[in-house]
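A short worksheet on the structure shown next.
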Amino acid sequence: MEKDKKFEDAFGELEKIVKKLEEGNLTLDESIKLFEEGIKLSKTCSSKLEEAEKKIEILIKAGNGTNIIRPFGESEEEKEED
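All letters in the sequence shown, in the order written, are residues 9 to 90 by the numbering used here.
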């Protein structure tokens, strides 16, 4: 199953598919099959990146010396509300 693949493996396979498609030596049926597989791999990569982003947290040193943990990607406005 694609979801079980490591990001690096899925991305590597996707690169190979793109290269084959760019060469243009495939039949229409082969191209469509590879394109479909590429879409699946692309979704897998995107999902893995989203999972990683959710896990990343930034530690910010507060003025009183305590650590505040905020989710990665939090906007400056959200930080100022704390």
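Think of the CB as a built atom: it goes at the ideal place given N, C-alpha and C, for glycine as much as any other residue.
No experiment lies behind these values; they were computed from the predicted model shown.
When you compare the CB positions of Ala-18 and Leu-49, do they come within less than 7 Å of one another, or not?
The answer is yes: Cβ separation under 7 Å.
Given that a residue counts as buried once 16 or more other Cβ atoms are within 10 Å of its Cβ, and exposed if not, what is Thr-52?
It counts as buried.
Just to confirm my understanding: we take Glu-21, look at its own chain, exclude 5 residues before and 5 after, and list those with CB closer than 6 Å. What are they?
The answer, listed in chain order, is Leu-49.
Taking C-alpha atoms, which residue in Glu-38, Glu-59, Gly-46 lies nearest to Glu-23?
Cα-wise, what sits closest to Glu-23 is Gly-46.
Tell whether a beta-carbon distance below 7 Å holds between Leu-36 and Ile-25.
No, the Cβ-Cβ distance between Leu-36 and Ile-25 is not below 7 Å.
Apply the 10 Å Cβ neighbour rule to Ile-66 and answer buried if 16 or more other Cβ atoms are within range, or exposed otherwise.
Reliability fails at Ile-66, whose pLDDT of 46 lies under 50, so the model's placement of it is uncertain and no value is given.
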